[in-house]
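Trainee: In the order they appear, the protein sequences are chains A and B. Residue numbering for the first sequence follows my numbering, starting at 413 and increasing by one per position. Residue numbering for the second sequence follows my numbering, starting at 180 and increasing by one per position.
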Amino acid sequence: MRALVAASAAGVIALGGASAQAFCPSYSASSSSNTHGCLVDAVPGTNPTLAEWQDIFDVVSKGPAAWGEHGPEIGNIGQGCGKPEPLESVPPRFPCELLKAIAMAESGWRQFCVPDRPEDQKGGASRTIIAFDCGYGVGQVTSGMREKDPAPNYDRQRVASDPLYNLATGTQILAAKWRATNCVGDNQPSKIEHWYAATWAYNGLAYVNNPANPVYDANRGVYNPSVNTPAPYQEKVFGRIEHPTSPDHWASIELAYPNPGDVGTTGKPPALPEPTCASPTDCVNLRASHLSFCLGGDPDPEDPGSGGQGGAGGGTIGVDDGGIGELPGRPPGSGDGRDTRDDWPSRGRGSERSSEMSSDAYVVSCSCELPGGRKSSERGPIAAFLAGLALVTLRRASSSPR
Amino acid sequence: MRRIGLLAPFALALGLGAALPKKPTALPQPVAKPRVMAQPKAAPIPSAPPRIALLFTGAPEGDETTLVFQRPGEEPHQEGVTSFRHLPGGGVKGAVAHEGEVVFAIADVEKKRDPSWGAALFRLEAGREPITLADRVYTNTRPLVLEDGSVLVQRGREGEEPSEEESLEGRLRVDAITIDRIDPLTGTSRTLHQFSGYIAFLAGALDNEALVYRVAPDNADIVAIDVNDGRVRALAPSILPFARDFSVDEANRSLFFTERDERNSQIWAVSRMNLATGARTRIVSGRRMALVPHAFPGGGVAFNPDGERGLTILQASGRVQSLRPLGDGVDTVRGLSRDGKWAAVMHSLPSQLPTPYLFSLETHQPVPISAPESARVDIAGFVR
């Protein structure tokens, strides 16, 4: 029992917290605690500096054409989904922002650290970070690193010893997930948001990462690591991109999200239209999608606005008939059997849909987007009310047909 | 930013807006500072607020949760009666047993890349060490306490990862799931129900039946499961797999929940399901999923219009009361006091820690719950 004595009238409670950065497992092949069959021993090494990591991410994001012999071979991936670009096979490349956020979530950008567990590995020289389940290095490469796995088409030893090779191997897995999942938008590898489904699959195609899973808060919004509200893996990665560890790690990008009403089926994510939602739980406010800065993208894409054209880059929001993968079966019990995506094209007209919902008494039409692109919920309630009132007035004044 | 988010709603509700800082302050520090709201001097509190059981966990990566009993509105002296360790971060959710001072909590304990079945059920009470009653519990779920004090949890084991072919066909991993009835003293487990699928979410209980929302590769449904013999009664044999935020209306023998519109993926609705017939009626709808219904006394239902506009009551008469004690945001009703005079509520804004408070159904005034500023708070329920 622990008595928490009030240090003041307010009652101060000190809550301990564990530092993720301090966590440094090294379940090396030779460890007596290696219960998952990790095949490769930890390799001594010094973790790259921040600047060195930036160079590594820059190279890896450009794919095998850039890394040459310094990474494994990766087959081509699909680009285009007929909306409008037809599907073609292209050399893989990856948004560096995505790689940085995944690596931060997986390892805190650490290939090497001084182990603090298991007991027989504690201390000593800095060496490969190896998770209990044989996740190796910065990308926490697991597949192929265990006794039970078939021989991989990459060099296991280099996965343990070389940060660039490790990260490149992680992208090999990510590319496989890209191929195995359905299109998002027009399936452009250089668009960060189009990796939503592949990022989900990177963590395993499990329902725990389904945004419609009722265990997650319906108002969770964009994942913020400093709050750490439970969220699906891909939302955690996307949230990290918006909430960087520091400005020196990467610049914040306010990513767009797919409509949760489209994503959460009984299978893997279906083909999805261009993501335009302002958060995983808010499709009233809109956001643009983003080309990766490392792949020639504009860091300031056009703003779709809450009353303007939906979707950046002219993202067409329409019915998808496949491309990389086939559409899964229609969700059960979907009424008249009509694919709900038939409704989407109208969304491109803007976020005001109150006329379509007039039969429901409690649908409020104001999206309350404030000047400056921030949501009303981030301001004080009075400011939000006044801004919302002004916005409603303006919208009503300009709601006549064009 | 964080502190304004917490303080502003109460300060504004209490007419203290001018005292707010004009600029956001720094993000919360790991060591907690008191998250105490100004006490309303003018606000009448005719009935003394009841005691509540709270679970405090440090955010963002706290690995210890403390059980605290508190009577909001009084001197916020608070004493942690026990605490337990779990994995850093993650959700911790609790439930009290019969307004007693035993609290059951579920928290992640097993470090896994997929956290699905890595949680455990704990028994917490003053003067005793915490007891782990069950493992392999689904992450971020809440225990369901039955009338006799036994506890229902969703447990399971991971199935095989889908093959490449299955993956291309759209399959997710299918798990072996059970609904287990746990003895509150010994942890002895009895399986009431077995299910092969993705999730079997405990939506509530009424009489001798647990209400379970199940999702499998080819179907989603809601069933009632007899908590004694495990007999299954279909309520909604096939629904869209978007149901959430369930609340049982005992008086009217119905279940409120949020679901997606069947034809428009941008619309969410609160439905009321008759627990005798399974018939569903749409009550309200909005454009966000956070409508978060909760049954209220007299046949009404609390919800959040358009998923962001705060506590609102739709009375059985059809009258709508917009209460919004903390303004915009989502108010999730965690429970009602036995006398029906108080609601325990979590007020949330996206991407921020929620703010807990009590709401007087007599005066319509919020009463702040004292909590450390950087703590994740869960209201386990009312206690004696």
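No residue lacks a Cβ here, since even glycine has one placed at the ideal position from N, Cα and C. Owing to the predicted nature of the structure, the values given are computational and were not obtained by experimental measurement.
Would T534 of chain B pass as an interface residue toward chain A - the criterion being a Cβ-Cβ separation below 8 Å?
Mentor: False, the Cβ-Cβ gap to chain A never drops below 8 Å.
Trainee: According to DSSP, is P437 of chain A part of a helix, a strand, or is it coil?
Mentor: If DSSP states are grouped into helix, strand and coil, P437 of chain A belongs with the strands.
Trainee: What did DSSP end up calling L390 of chain B once you bin it into helix, strand or coil?
Mentor: L390 of chain B: strand per DSSP, three-state reduction.
Trainee: With a Cβ-Cβ cutoff of 8 Å, do A463 of chain A and L451 of chain A count as a contact?
Mentor: In this structure, L451 of chain A does not lie closer than 8 Å to A463 of chain A by Cβ.
Trainee: Tell me which residues of the region 653-678 of chain A have at least one Cβ-Cβ distance to chain B shorter than 8 Å, keeping chain order.
Mentor: Going along the region 653-678 of chain A in chain order, one finds N671, P672, G673, D674, G676, T677, T678 with a Cβ nearer than 8 Å to chain B.
Trainee: Note down the Cα distance separating D557 of chain B from L234 of chain B, rounded to an integer number of angstroms.
Mentor: Going from the Cα of D557 of chain B to the Cα of L234 of chain B covers about 5 Å.
Trainee: Please list the partners that R617 of chain A has in chain B, where partner means a Cβ-to-Cβ separation under 8 Å.
Mentor: The displayed chain sequence assigns Leu, not Arg, to residue 617 of chain A. Near L617 of chain A (Cβ distances below 8 Å), the residues of chain B are E340, P341, S346, R350, L351, R352.
Trainee: Does A238 of chain B come within less than 8 Å of chain A when only Cβ atoms are used?
Mentor: Closer than 8 Å to some Cβ of chain A, the Cβ of A238 of chain B qualifies, so yes.
Trainee: What in chain B is Cβ-close to K603 of chain A, meaning under 8 Å?
Mentor: Going along chain B, no residue has its Cβ under 8 Å from K603 of chain A, so there is no contact; the nearest lies around 21 Å.
Trainee: From the DSSP output, read off the bridge partner residues of K272 of chain B.
Mentor: Per DSSP, B:I285.
Trainee: If the cut-off is 9 Å on Cβ atoms, which residues from the region 377-396 of chain B count as contacting chain A, listed in chain order?
Mentor: Hits within the stretch, in order: Y377, I378, F380, A382, Y392, V394, A395, P396.
Trainee: Taking only the alpha-carbon atoms, compute the straight-line gap between V639 of chain A and D408 of chain B and give it to the nearest angstrom.
Mentor: In a straight line, the C-alpha of V639 of chain A is about 42 Å away from that of D408 of chain B.
Trainee: Output the boundary residues of the beta strand (DSSP E) element that contains G514 of chain B.
Mentor: 509-515 is the span of the beta strand (DSSP E), which, as asked, contains G514 of chain B.
Trainee: Compute the Euclidean distance between the alpha carbons of G349 of chain B and V332 of chain B, then round it to the nearest angstrom.
Mentor: If you take the alpha carbons of G349 of chain B and V332 of chain B, they lie about 28 Å apart.
Trainee: Would you say F283 of chain B and G673 of chain A are within 8 Å of each other, going by their C-beta atoms?
Mentor: In this structure, G673 of chain A does not lie closer than 8 Å to F283 of chain B by Cβ.
Trainee: Kindly indicate which residue of B:R302, B:F374, B:E326, B:Q531 has the alpha-carbon position closest to the one of E337 of chain B.
Mentor: Nearest C-alpha to E337 of chain B: B:F374.
Trainee: Hey, is L193 of chain B's beta-carbon within less than 8 Å of any beta-carbon in chain A?
Mentor: With a pLDDT of only 37 at L193 of chain B, under 50, the local geometry of the prediction cannot be trusted, and the value read off the model is given with reservation. It does not: the Cβ of L193 of chain B has no partner Cβ on chain A nearer than 8 Å.
Trainee: Do V402 of chain B and V411 of chain B have their C-beta atoms within less than 8 Å of each other?
Mentor: In this structure, V411 of chain B lies closer than 8 Å to V402 of chain B by Cβ.
Trainee: Taking CB distances under 8 Å as the criterion, tell me whether P642 of chain A reaches chain B.
Mentor: True, the Cβ-Cβ gap to chain B drops below 8 Å.
Trainee: What does M452 of chain B reach in chain A if we use C-beta pairs closer than 7 Å?
Mentor: Per Cβ cutoff of 7 Å: no residues; M452 of chain B is ~14 Å from chain A at best.
Trainee: What does C695 of chain A reach in chain B if we use C-beta pairs closer than 8 Å?
Mentor: What C695 of chain A touches in chain B: Q445, R466, R467.
Trainee: Could you tell me which chain D residues have their CB closer than 7 Å to the CB of S501 of chain A, listed as they occur along the chain?
Mentor: The structure shown has no chain D; the protein chains it does contain are A and B.
Trainee: Taking the alpha-carbon positions, what's the V328 of chain B to L266 of chain B distance?
Mentor: The sequence shown places Gly at residue 328 of chain B, not Val. Rounded to whole angstroms, G328 of chain B to L266 of chain B spans 27 Å at the Cα level.
Trainee: In the region 276-295 of chain B, which residues sit with their C-beta less than 7 Å from some C-beta in chain A, listed in chain order?
Mentor: Those would be K290, R292, D293, P294, S295, in chain order.
Trainee: Here's the rule: buried if 16 or more other CB atoms are within 10 angstroms of the residue's CB, otherwise exposed. What is T568 of chain B?
Mentor: Residue 568 of chain B lies beyond the range of chain B shown here (180 to 563); nothing can be said about it.
Trainee: In the DSSP assignment, what are the bridge partners of N398 of chain B?
Mentor: For N398 of chain B, which the question treats as bridged, DSSP gives the partners B:A395.
Trainee: Roughly how many angstroms separate the alpha carbons of H543 of chain B and L707 of chain A, rounded to a whole number?
Mentor: When rounded, the distance between both Cα atoms is 55 Å.
Trainee: Whose C-beta lies closer than 7 Å to the C-beta of N578 of chain A among residues of the same chain, with five residues either side of it excluded?
Mentor: Excluding positions up to five away in sequence, the list reads Q523, Y548, G549, V550, G551, V553, V571.
Trainee: Please confirm whether S444 of chain A has its beta-carbon closer than 8 Å to some beta-carbon of chain B.
Mentor: Not one chain B Cβ lies under 8 Å of S444 of chain A.
Trainee: Considering only the alpha carbon of each residue, which of A:S555, A:D545, A:V471 lies closest to K589 of chain A?
Mentor: The shortest Cα separation from K589 of chain A among A:S555, A:D545, A:V471 belongs to A:S555.
Trainee: Please classify Q600 of chain A as buried or exposed, where buried requires at least 16 other C-beta atoms within 10 Å of its C-beta.
Mentor: The residue is buried, with at least 16 neighbouring Cβ atoms inside 10 Å.
Trainee: Could you check whether the Cβ of A630 of chain A sits closer than 8 Å to any Cβ belonging to chain B?
Mentor: Yes, A630 of chain A lies at the interface with chain B (some Cβ there is under 8 Å from its Cβ).
Trainee: Please list, in chain order, the residues of the region 529-555 of chain A that have any C-beta partner in chain B closer than 9 Å.
Mentor: Per Cβ criterion, the list reads A543, F544, D545, G547, Q552, T554.
Trainee: Using the three-state DSSP reduction, which class does D532 of chain A fall into: helix, strand or coil?
Mentor: If DSSP states are grouped into helix, strand and coil, D532 of chain A belongs with the helices.
Trainee: Within a Cβ cutoff of 6 Å, which residues of the same chain sit near Q494 of chain B, ignoring the five residues on either side of it in sequence?
Mentor: Contacts found: G479.
Trainee: Distance cutoff 8 Å, beta carbons only. Does S473 of chain A sit that close to anything in chain B?
Mentor: No, S473 of chain A does not count as interfacial toward chain B.
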